[in-house]
Amino acid sequence: MNIIAAPPRLRGFERHVIKVENVSRRSILKGLGIAGSFVLAAPIMSRPALAAYKTGAGEMPHGVVVDPRVFVAVAPDGIVTIVAHRSEMGTGVRTSLPLVVAEEMEADWSRVKVQQAHGDEVRYGNQDTDGSRSTRHYLVPMRQIGASARAMLESAAAKRLGVPVAEVKASNHEVVHAASGRRIGFGDLAADAAKESVPSISSLKLKDPKDFRYLGKGEISIVDLRDITTGAAQYGADVRLPGMKYAVITRPPVTGGKLVSFDGAEAMKVSGVEKVMEVKGWPWPSKFQPLGGVAVIARNTGAAIKGRDALKIVWDDGANAKYDSVAYRAELEEATRKPGLVVRKEGDVDAALKSADKVITGEYYAPHLAHVSMEPPVAVADVKGDKAEIWAPVQSPGGTREDVAKTLGIPEDNVTINVTLLGGGFGRKSKCDYALEAALLSKELGAPVKVQWTREDDVQHDFLHTVSVERIEAGLDKNGKVIAWRHRSAAPSIGSTFGPGAVHQLGLELGMGFVDMPFEIANVQCENPEAVAHTRIGWFRSVSNIPRAFAIQSMVGELAHATGRDQKDMLLELIGSPRILKLDSVKDYWNNGEPYDSYPIDTARLRRAVELVAEKGEWGRSVPKGHGLGIAVHRSFVSYIATIVEVAVDDKGKLTVPRVDTAIDCGTYINPERIQSQIEGTAIMGLSLAKYGEITFKDGKVQQKNFDDFPVVRMDEAPLVTNVYIVPPGPDTPPSGVGEPGVPPFAPALTNAIFAATGKRIRALPIGKQLET
Amino acid sequence: MIKLKINGQEHSWDGDPDLSLLWFIRDEVGMTGTKFGCGQALCGACTVIMDKEAIRSCITSVSDASGREVTTIEGLHPTGDHAVQKAWRQVNVPQCGFCQAGQIMQAAALLMDNPKPSHDQIREAMSGNICRCGCYQRIENAVHLASTGV
Chain A
39 MNIIAAPPRL
49 RGFERHVIKV
59 ENVSRRSILK
69 GLGIAGSFVL
79 AAPIMSRPAL
89 AAYKTGAGEM
99 PHGVVVDPRV
109 FVAVAPDGIV
119 TIVAHRSEMG
129 TGVRTSLPLV
139 VAEEMEADWS
149 RVKVQQAHGD
159 EVRYGNQDTD
169 GSRSTRHYLV
179 PMRQIGASAR
189 AMLESAAAKR
199 LGVPVAEVKA
209 SNHEVVHAAS
219 GRRIGFGDLA
229 ADAAKESVPS
239 ISSLKLKDPK
249 DFRYLGKGEI
259 SIVDLRDITT
269 GAAQYGADVR
279 LPGMKYAVIT
289 RPPVTGGKLV
299 SFDGAEAMKV
309 SGVEKVMEVK
319 GWPWPSKFQP
329 LGGVAVIARN
339 TGAAIKGRDA
349 LKIVWDDGAN
359 AKYDSVAYRA
369 ELEEATRKPG
379 LVVRKEGDVD
389 AALKSADKVI
399 TGEYYAPHLA
409 HVSMEPPVAV
419 ADVKGDKAEI
429 WAPVQSPGGT
439 REDVAKTLGI
449 PEDNVTINVT
459 LLGGGFGRKS
469 KCDYALEAAL
479 LSKELGAPVK
489 VQWTREDDVQ
499 HDFLHTVSVE
509 RIEAGLDKNG
519 KVIAWRHRSA
529 APSIGSTFGP
539 GAVHQLGLEL
549 GMGFVDMPFE
559 IANVQCENPE
569 AVAHTRIGWF
579 RSVSNIPRAF
589 AIQSMVGELA
599 HATGRDQKDM
609 LLELIGSPRI
619 LKLDSVKDYW
629 NNGEPYDSYP
639 IDTARLRRAV
649 ELVAEKGEWG
659 RSVPKGHGLG
669 IAVHRSFVSY
679 IATIVEVAVD
689 DKGKLTVPRV
699 DTAIDCGTYI
709 NPERIQSQIE
719 GTAIMGLSLA
729 KYGEITFKDG
739 KVQQKNFDDF
749 PVVRMDEAPL
759 VTNVYIVPPG
769 PDTPPSGVGE
779 PGVPPFAPAL
789 TNAIFAATGK
799 RIRALPIGKQ
809 LET
Chain B
1280 MIKLKINGQE
1290 HSWDGDPDLS
1300 LLWFIRDEVG
1310 MTGTKFGCGQ
1320 ALCGACTVIM
1330 DKEAIRSCIT
1340 SVSDASGREV
1350 TTIEGLHPTG
1360 DHAVQKAWRQ
1370 VNVPQCGFCQ
1380 AGQIMQAAAL
1390 LMDNPKPSHD
1400 QIREAMSGNI
1410 CRCGCYQRIE
1420 NAVHLASTGV
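Heads up: the sequence lines are chains A and B, in that order.
My numbering puts the first residue of the first sequence at 39, with every later residue one more than the last.
My numbering puts the first residue of the second sequence at 1280, with every later residue one more than the last.
Here you go:
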């Protein structure tokens, strides 16, 4: 049997793809620089987190740092500064992780300031903010950091008061000696606490969750809320430096294309334009290195854009000039009609399909998608000699630092990455090409420069979500029981962005709802035919889970229809008995980078999500004529999510969504209010990709440019109501992902609902005009 | 020389009169609350109020704003406590927050024009403003809240 080998573990998704040399860095480490503060110059201790469960955090590049001296500072005035080392792109992580520290150290949140970390993984541990893993990797380490700080404050107070440490207790920003009624504020203790040694992790006592003031409550708003509402919040686009130049770049229209020649004379005539220059490009594929092209430098962005419009450029389109989405779809379909690399095998699927009473076949198409975060890629760089400082909205501060250093040929210690707020990320901003462009231009100009991508640049030069055909054959016996399941998935791999020759999907892609299909079926085979990439493929929020959930959950709907059963009943029957999936035939199952013991595929939790949403979402309720209900469930990012969509389709085929209900089991959680907002948002993103999402190529070029031809859902077509139900976690249920897993089940729940409403089965996304009559 | 008022303060510009108000405000004046999202009046991130009307600053030239009174998010309320801003915070609207300045300016203009909009009117008036994070349900609720008093 052919089983694909898992690639080595690399940075975030990236390090699952390609080996990055381990650049050693001198550790120049400073405290937080607050006078008299609790955190002083300190060596870094990387310590394993102790928890009832294990996570993959330690396996990430630079692992986990559990050290209060790195993350916490207490100033003499009592202000507690807590470092946020993950990037804020809308999930609320910049609030929730510091909140965990504050909770454990008994800090009063109103006297806490959050400070954003630079990109420095030796100091802070891994900073890759993707894969929906911040909470699951950092809940326990952040609790330990807070508990360490609390222990140091208590120890300092006990010495001051001359009492045994067991007699004092930190409570709401002070340490209290109950017996004498004496109390000392955190600020007063700052200097002494700084002299205390950091307690061993095994000696720490974490708070009893029943004593939590903040965690699990959802009563604390994000720290940037006021600034966002007043325009004071600083995104990457908002960085301004003295003497800063504004640049836009025109890039090769075909991936892998090259600049032949350019004429900047007309551009130079535009008022405000100061310079036209070539930008170095790397041959494709080259990970996140810039595509190259021609930059127009101006005194403001508007002038730069106008100058760029006046450029005359000759390109060599290169090897991908024939990339055509219509032809490519046919190629993928053809590929899935033939055997492919076997990546999971249980029983004998060929024999079972042959003996089946009935075989239902579904071929599902899901096209390329662009991320279109509201803030297009943008970065500011100031390169002076062999030193570089970058200000950018990046999901990978540490990776950006490595890549800037490599691109400029300078030591990583000479690179400072200032992480701004991200105006959306969705995976796009894990790829730092825009920061590298800014670094290259600043070096050449000898001045600070901002590189601003226009929306057209963003749509046309994205690291796109892959394009895939998923073909499923399900064999039923004469009683209507599913006895065979063959699923072939053909899609260009993210691996193709990292090096030539990648034709099979990576372990991380196979592990996204494909080889981990959870149904209780005797004969299962998953195959991965080859697919060659012709553009930059990257990870888009929830990644390959989108096509897999669409295909598999659509097939559930098709099987329900074929056997005359209710969708939910069919789904529960397929999920089968409550059990832990074994997946013996899958080599190196990815499991989102988590140990399987802590994060197994638990069909009881999958069932519970379905049952909860069915109950709360009133599955089976009667709906008006032209309306339909659809259901779907999907496990991704080690969370379990089920969604019910009610759709209304009018006689012209226009669809609206009156109601969405989603149940999420994400284990232990920090902030239910932000979970709710994420799930509300994934309904919109799911509806956007289902209704409209499609990037197409012709002659190697992206055919879309902006929100007019790559539309996303607007308020007038948003669901009228989205209800979110969070499965209460067990006492030791490890936390799991929230940012992404709401996306995958939405599209199939919607298309199942459309089938219920109209009898029309959508097998290709987007829905587009397929319902129009 | 073009002269215009932004948040009550006079500004002048003798460069390209076709420069969009957006880049004038952001890059020349240096106020960055107003955002660039699409450059084609498709997303509403750049919304400002010009003489009581919400406009897309990305397709409005500085010369079109000559002699006009422009209000940006920074000038909506002296302490950031406009009813819309307060409602936004009460409902915890934002996720990433990048589009919110434009959303808030659009909502403020709507309420100037129609102090008690229905839910349908809110959805219609706000549908020119894209939120990729998908905060629409909360935006709708916040506008409604602002219209009924926070």
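We treat Cβ as the ideally placed atom computed from N, Cα and C, and that holds for glycine.
Computed from a predicted structure; not experimentally measured.
query: Between serine 677 of chain A and glycine 775 of chain A, is the Cβ-Cβ spacing less than 8 Å?
result: Cβ atoms of serine 677 of chain A and glycine 775 of chain A: closer than 8 Å.
message: Helix, strand or coil, according to DSSP, for isoleucine 343 of chain A in the structure here?
response: Helix at isoleucine 343 of chain A.
query: In the segment 742-753 of chain A, which residues sit with their C-beta less than 8 Å from some C-beta in chain B, listed in chain order?
result: So the list reads Asn744, Phe745, Asp746, Val750, Val751, Arg752, Met753, given in the order they occur along the chain.
task: Can you check DSSP and say which residues form a bridge with glycine 331 of chain A?
output: Glycine 331 of chain A pairs with A/Val317.
- prompt: Hey, is the segment 626-638 of chain A in contact with the segment 578-591 of chain A, meaning 3+ C-beta pairs nearer than 8 Å?
  reply: The segment 626-638 of chain A is not in contact with the segment 578-591 of chain A.
- prompt: Is the segment 322-335 of chain A touching the segment 296-307 of chain A in the sense that three or more CB pairs, one from each, lie closer than 8 Å?
  reply: The segment 296-307 of chain A, when compared against the segment 322-335 of chain A, does touch it at the 8 Å Cβ threshold.
task: From the DSSP output, in three-state form, read off asparagine 837 of chain A for me.
output: Outside the displayed span of chain A (39 to 811) sits residue 837 of chain A, for which this structure offers no information.
Proline 696 of chain A (DSSP reduced to helix, strand or coil): Secondary structure at proline 696 of chain A: strand, using DSSP grouped into helix, strand and coil.
First through last residue of the beta strand (DSSP E) which encompasses valine 152 of chain A: First-last of the beta strand (DSSP E) with valine 152 of chain A: 150-154.
message: What does the alpha-carbon distance come out to for the pair alanine 229 of chain A and valine 1370 of chain B?
response: Alanine 229 of chain A and valine 1370 of chain B have their C-alpha atoms roughly 40 Å apart.
task: List the whole-angstrom C-beta distance separating glycine 719 of chain A from glycine 1413 of chain B, where the pair is believed to meet the contact cut-off of C-beta under 8 Å.
output: With 8 Å as the limit, glycine 719 of chain A and glycine 1413 of chain B qualify as a contact, their Cβ atoms being about 4 Å apart.
Burial state of isoleucine 805 of chain A, where buried means 16 or more other Cβ atoms lie within 10 Å: Counting Cβ neighbours within 10 Å, isoleucine 805 of chain A comes out buried, since at least 16 surround it.
task: Pick out the complete beta strand (DSSP E) segments inside the segment 507-582 of chain A, 3 residues or longer, and give them in chain order.
output: For the segment 507-582 of chain A, whole beta strand (DSSP E) runs of length 3 or above, ordered along the chain, are 520-528, 561-566.
- request: Assign threonine 1427 of chain B to one of two classes, buried (16 or more other C-beta atoms within 10 Å of its C-beta) or exposed (fewer than that).
  value: In this structure threonine 1427 of chain B is exposed. Its beta-carbon is surrounded by fewer than 16 other beta-carbon atoms within 10 angstroms.
message: Given a cut-off of 8 Å on the beta-carbon distance, is the pair aspartate 471 of chain A and asparagine 452 of chain A in contact?
response: No, these two residues do not count as a Cβ contact at 8 Å.
message: Taking 8 Å as the threshold (beta carbon to beta carbon), is aspartate 1295 of chain B in contact with chain A?
response: At least one chain A Cβ lies under 8 Å of aspartate 1295 of chain B.
query: Which residues, in order along the segment 288-309 of chain A, keep a beta-carbon less than 7 Å from a beta-carbon of chain B?
result: Per Cβ criterion, the list reads Ser309.
- prompt: Nearest-angstrom Cα distance between alanine 222 of chain A and glutamate 142 of chain A?
  reply: What sits at residue 222 of chain A in the sequence shown is isoleucine, not alanine. One C-alpha to the other measures close to 18 Å.
- prompt: For leucine 1298 of chain B, which residues in chain A fall below 9 Å Cβ to Cβ?
  reply: Those within 9 Å of leucine 1298 of chain B in chain A are Ser309, Gly310, Asn338, Gly340, Ala341, Lys344.
query: With 16 as the cutoff for other CB atoms within 10 Å, does isoleucine 792 of chain A come out buried or exposed?
result: Burial is judged here by how many other beta carbons sit within 10 angstroms of a residue's own beta carbon; isoleucine 792 of chain A has at least 16 and is buried.
message: For serine 125 of chain A and glycine 163 of chain A, I'd like the C-alpha separation in whole angstroms.
response: So the alpha carbons of these two residues sit roughly 13 Å apart.
- request: Starting from the beta carbon of threonine 1351 of chain B, find every residue of chain E whose beta carbon is closer than 9 Å, and list them in chain order.
  value: The structure shown contains no chain E; the protein chains it does contain are A and B.
Option in A/Leu199, A/Thr445, A/Glu413, A/Leu514 with minimal Cα separation from valine 432 of chain A: Among A/Leu199, A/Thr445, A/Glu413, A/Leu514, the Cα nearest to that of valine 432 of chain A belongs to A/Glu413.
query: If leucine 227 of chain A and histidine 215 of chain A are in contact, beta carbons under 8 Å, what's the gap, nearest whole angstrom?
result: By a beta-carbon distance limit of 8 Å, leucine 227 of chain A does not contact histidine 215 of chain A. Their separation comes to about 12 Å.
- prompt: Between tyrosine 763 of chain A and valine 751 of chain A, what straight-line distance do the alpha-carbon atoms span, to the nearest angstrom?
  reply: Taken atom to atom, the span from the alpha-carbon of tyrosine 763 of chain A to that of valine 751 of chain A is near 23 Å.
task: Could you spell out the range, first to last residue, of the beta strand (DSSP E) harbouring aspartate 354 of chain A?
output: Run containing aspartate 354 of chain A: 350-354, per the beta strand (DSSP E) assignment.
- prompt: When the distance is taken between beta carbons, is histidine 1361 of chain B closer than 8 Å to alanine 1387 of chain B?
  reply: Contact annotation: alanine 1387 of chain B and histidine 1361 of chain B have beta-carbon atoms nearer than 8 Å.
- request: In the DSSP assignment, find the unbroken beta strand (DSSP E) run with glutamine 490 of chain A in it and report its ends.
  value: Note, glutamine 490 of chain A: beta strand (DSSP E), 487-490.
- request: Find the residues of chain A that neighbour glutamine 1364 of chain B, judging by a C-beta separation of less than 8 Å, and give them in chain order.
  value: Ordered by position in chain A, the residues that pass the 8 Å Cβ test against glutamine 1364 of chain B are Thr267, Thr268.
message: Output needed for threonine 700 of chain A: all residues of its chain with C-beta closer than 6 Å, excluding positions within five of it in sequence on either side, in chain order.
response: Residues Thr681, Ile717, Val762 of the same chain have their beta carbon placed closer than 6 Å to that of threonine 700 of chain A, with the five preceding and five following residues left out of the count.
- prompt: If the cut is a Cβ gap below 9 Å, which residues of chain B does methionine 608 of chain A touch?
  reply: In chain order: nothing, as chain B lies at least about 29 Å away.
- prompt: Name the DSSP beta bridge partners of aspartate 420 of chain A, please?
  reply: DSSP lists A/Glu427 as partners of aspartate 420 of chain A.
- prompt: Using DSSP with H/G/I as helix, E/B as strand and the rest coil, what is alanine 1344 of chain B?
  reply: Three-state result, alanine 1344 of chain B: helix.
- prompt: What is the DSSP secondary structure of leucine 650 of chain A, counted as helix, strand or coil?
  reply: It is helical.
- prompt: Does the beta carbon of methionine 1391 of chain B come closer than 8 Å to any beta carbon on chain A?
  reply: False, the Cβ-Cβ gap to chain A never drops below 8 Å.
field: aspartate 115 of chain A, DSSP secondary structure in three states
entry: DSSP places aspartate 115 of chain A in coil when its eight states are reduced to three.
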